[in-house]
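Q: Numbering (our numbering), first residue to last: 4 to 132. Even glycine gets a Cβ: it sits at the ideal position worked out from N, Cα and C. First the structure, then my questions, so here it is.
Following this line, the structure appears as structure tokens:
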């Protein structure tokens, strides 16, 4: 009953302040969660796109998001025949490098910051614009 008589009492303001503080906290948590969800998709975005081998324009990589990982679609002419063959390689982003595991080992795909080219160490690719 005292709050009905005098709303300026400190004990009468506490529930409202507490509710407002909880509201602010919940909003902050929601905004942070949305930002993190949006940023998660941006990780590795520099790899996504179409890349062409600098020594042979017929060898093309297409890198795409695949859930929380990536897929590298490697298209190149068949050795015997007139067609092309596309191989799909699942890739993981580890320490800023896309990694593809094959039966022999791991192939690393890194972007050279100086040239902007995608490199495996043996092969270089230029981004198609």
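Just to confirm, are residue 94 and residue 103 a CB contact at a threshold of 7 Å?
A: Stepping through the chain shown from its first residue, residue 94 is reached at position 91. Stepping through the chain shown from its first residue, residue 103 is reached at position 100. Taking 7 Å as the Cβ cut-off, residue 94 and residue 103 qualify as a contacting pair.
Q: Can you give the Cα-Cα distance for residue 74 and residue 68, rounded to whole angstroms?
A: In the chain shown, residue 74 corresponds to position 71, counting from 1. In the chain shown, residue 68 corresponds to position 65, counting from 1. Going by the C-alpha atoms only, they are around 6 Å apart.
Q: In terms of alpha-carbon separation, which member of 124, 60, 47, 121 lies closest to residue 79?
A: For the purposes of this step, residue 79 is taken as residue 76 along the chain shown, with counting starting at 1. Of 124, 60, 47, 121, the residue nearest in Cα terms is 60.
Q: State the DSSP-derived secondary structure class of residue 81, mapped to helix, strand or coil.
A: Residue 81 sits at position 78 when you count from the first residue of the chain shown. Reduced to three states, the DSSP call for residue 81 is coil.
Q: Can you find the residues in the same chain that come closer than 6 Å, C-beta to C-beta, to residue 54, ignoring five residues on each side of it along the sequence?
A: Reading the chain shown from its first residue, position 51 is the one you call residue 54. Same-chain partners within the cutoff: 64, 121, 128, 130.
Q: Are the Cβ atoms of residue 100 and residue 91 separated by less than 7 Å?
A: The residue labelled residue 100 in the question sits at position 97 within the chain shown. The residue labelled residue 91 in the question sits at position 88 within the chain shown. It is not a contact, given that the beta carbons lie outside the stated cut-off.
Q: Reducing DSSP to helix, strand and coil, say where residue 67 ends up.
A: Your numbering for residue 67 matches position 64 in the chain shown. Residue 67: strand per DSSP, three-state reduction.
Q: Can you tell which of 97, 123, 118 has the C-alpha that lies nearest to the C-alpha of residue 71?
A: Counting from 1 along the chain shown, the entry for residue 71 is found at position 68. For the residues 97, 123, 118, the minimum Cα distance to residue 71 belongs to 97.
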